[in-house]
Amino acid sequence: MLNLKATKFYDDVLKELNYPFADIFIFKGYVISEIKEGVVFSWEEHAKIIVKDVTSFTKTDGSNLVYLSHRVNSYSLKPMDWLYFYKNSFNLKGYGVIGYNSFSFLNTVVENLFFSKKIRRFGDLETAVQWAKSRVLINVNNKD
Numbered sequence: 049m050l051n052l053k054a055t056k057f058y059d060d061v062l063k064e065l066n067y068p069f070a071d072i073f074i075f076k077g078y079v080i081s082e083i084k085e086g087v088v089f090s091w092e093e094h095a096k097i098i099v100k101d102v103t104s105f106t107k108t109d110g111s112n113l114v115y116l117s118h119r120v121n122s123y124s125l126k127p128m129d130w131l132y133f134y135k136n137s138f139n140l141k142g143y144g145v146i147g148y149n150s151f152s153f154l155n156t157v158v159e160n161l162f163f164s165k166k167i168r169r170f171g172d173l174e175t176a177v178q179w180a181k182s183r184v185l186i187n188v189n190n191k192d
């Protein structure tokens with residue numbers, strides 16, 4: 049499992065946001081996050097900042113973005129904080145998790161209880177990016 053910076057996908061990054069708790073990579077139509085080792089990810093301390101910066105850069109409410117959580121590090125999140133995500137009117141076109149062990153996928157079972165859409169699971173970055181790009185193409189084709 050490689051960090052995104054060490055892959056061929058890094059060349060397509062439009063904007064990179066670096067925080068002490070995460071690296072966020074914005075692409076055309078999708079975002080990939082890599083949360084740092086040991087972080088307890090919450091709305092107030094982390095997600096709120098990322099959402100503000102991503103929506104500012106993309107000039108969108110997120111409804112046309114796919115979010116991919118590239119879980120190359122071990123961290124935890126507060127699943128109840130998904131409620132704040134929706135309370136603040138941020139929406140997503142799709143949400144995917146790239147995990148390399150059973151624990152990262154176990155977390156998605158809990159997350160799915162609080163996330164209103166289906167969370168897609170992937171075992172590799174390439175398949176996840178292909179899926180995200182296909183969701184972007186659906187959005188473009190529906191506007192014709």
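Here our numbering is used: the first residue of the sequence shown is 49, the next is one more, and so on.
By construction, the Cβ of each residue, glycine as well, lies at the ideal position given by its N, Cα and C atoms.
Every value quoted in this text rests on a predicted model; they were computed, and no experiment measured them.
Candidates 148, 184, 166, 68, of which the one nearest residue 172 by Cα:
148
Separation of residue 90 from residue 111, as counted between CA atoms:
21 angstroms
Determine which residues share a DSSP beta bridge with residue 54 and list them.
DSSP links residue 54 through a beta bridge to no other residue.
Between residue 61 and residue 73, is the Cβ-Cβ spacing less than 8 angstroms?
yes
What is the DSSP secondary structure of residue 71, counted as helix, strand or coil?
strand
Put residue 85 into one of helix, strand or coil per three-state DSSP.
Looking at residue 85 - three-state DSSP - the assignment turns out to be coil, as it is neither helix nor strand.
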